[in-house]
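K.L.:
Residues in the sequence shown are numbered from 5 upward in steps of one, following our numbering. Each residue gets a CB set at the ideal place from its N, CA and C atoms; glycine is no exception. Because the structure is a prediction, the values reported are computed rather than measured.
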Amino acid sequence: MKIAFFDSGIGGLSVLHHAMKILPQEEFIFYADEDNVPYGTKTPEEVLACVDAAFRFLISQQVGAIVVACNTATSVAVKIMREKYSLPIIGMEPALKLALDTFPNRKVLVTATAITITGEKIRRLIKNLHAENLAELKALPELVEFAERQEFNSAAVEKYLRGEMANYDWEKFSSLVLGCTHFNYFKDTLRKILPPHVKILDGNAGTINELIRRINLTKNQSQGSIEFFYSGRRVIDSAEIMRLEKFLRRLDDMEAIK
Ligand code: DGL
């Protein structure tokens, strides 16, 4: 069974990267909607139309499950996609529950795109976790642009993040949640800026655990495989494959940073 990973761009590679470690024998398709990235600054209606087109393409590829490796697309469209299609659809959720379970009664800074933090889904999550006084929300839209152009740890990235992280009383915070899959590329700069007690958490392991719960995994397949698509076009150009490999190598380096 082919398992699809879908994102507006290359953020979803961070979820796929984790899946490749845990499920090395599976067949994966990675779909980055490179024609339409970023989603986070679009209207929910525009994002829904993009997600709908991506799903139609992935279903035509006979995938057995779709991981929406994008918090923004999950926030806007996952409920509607589940009503429309019967295959397992696994969404992303900012790791607020993990943060609060690990560090009870401590504040958490949830970073995400503008759409995700103004959306109904995150309000409901905060309400369900009774975290109204513990969760603070922060949009970091520039990180999506930096990531797409492979600008991971430049002076400009550091300046931007130092500015955005400046006005928090960090003594009150246990952690910073990466609520956008593009943000995983910046763990080293965040680690440099944040006080050591503030942990950096993401939802990748939780998403892959949910995937494993929802599907029947392939047995006895010796070798895993992966196909890349940009907005429905198969990526075959060697320069583009090298671009994707560079992202995956960056994720290797970010993996151990907490
Ligand atoms: N990677 C996406 C997310 O997890 C969205 C980035 C964007 O397209 O704005 O939210």
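Once the 5 residues before and after Ile230 are set aside, which same chain residues still bring their CB inside 6 Å of it?
P.N.:
Phe32
K.L.:
Where Glu30 and Met24 are concerned, what is the direct C-alpha to C-alpha distance, given to the nearest angstrom?
P.N.:
8 Å
K.L.:
Going by Cα to Cα distance, which pick from Leu141, His201, Ile240 and Ile197 is closest to Val181?
P.N.:
Leu141
K.L.:
Run through DSSP, which three-state label would Leu113 get?
P.N.:
strand
K.L.:
Under the three-state reduction of DSSP, which class applies to Asp192: helix, strand or coil?
P.N.:
helix
K.L.:
Once you ignore the five residues that flank Met169 on each side, which residues in its own chain have a CB closer than 6 Å to its CB?
P.N.:
Ile197
K.L.:
If you count every other CB in all the chains shown that lies within 10 Å of the CB of Arg254, and 16 or more means buried, which is it?
P.N.:
buried
K.L.:
Of the residues Gly210, Gly183 and Glu146, which one's Cα is nearest the Cα of Ala160?
P.N.:
Glu146
K.L.:
Please give the ranges of any alpha helix (DSSP H) in the segment 143-215, keeping only runs that are unbroken, at least 4 residues long and fully inside the region.
P.N.:
145-152, 159-168 and 191-197
K.L.:
Count Cβ pairs between the segment 187-197 and the segment 119-138 that sit closer than 8 Å; are there 3 or more?
P.N.:
no
K.L.:
Return the first residue and the last residue of the alpha helix (DSSP H) that Val55 is part of.
P.N.:
Pro48 to Ser64
K.L.:
Classify Ala243: buried if its beta carbon has 16 or more other beta carbons within 10 angstroms, exposed otherwise.
P.N.:
By the 10 Å Cβ count, Ala243 comes out exposed.
K.L.:
Within 10 Å of its beta-carbon, does Thr263 have 16 or more other beta-carbons around it, so buried, or fewer, so exposed?
P.N.:
This structure leaves residue 263 out entirely; the chain is present only between 5 and 262.
K.L.:
For a test of the three-state rule: what should DSSP assign to Ser229, helix, strand or coil?
P.N.:
Three-state DSSP puts Ser229 in a strand.
K.L.:
If I measure Cβ to Cβ from Gly68 and keep anything under 8 Å in the same chain, skipping five residues before and after, which residues do I get?
P.N.:
Met5, Lys6, Ile7, Leu91, Pro92 and Ile219
K.L.:
Which residue from Asn109, Ala135 and Ile70 puts its Cα closest to that of Tyr89?
P.N.:
Ile70
K.L.:
So, at 8 Å on beta carbons, what are the nonlocal neighbours of Tyr172 in its own chain, with the 5 sequence-adjacent residues on each side left out?
P.N.:
Leu113 and Glu140
K.L.:
Which value, in whole angstroms, describes the spacing of the CA atoms of Asn3 and Met258?
P.N.:
Because the chain here runs from 5 to 262, residue 3 falls outside it and cannot be looked at.
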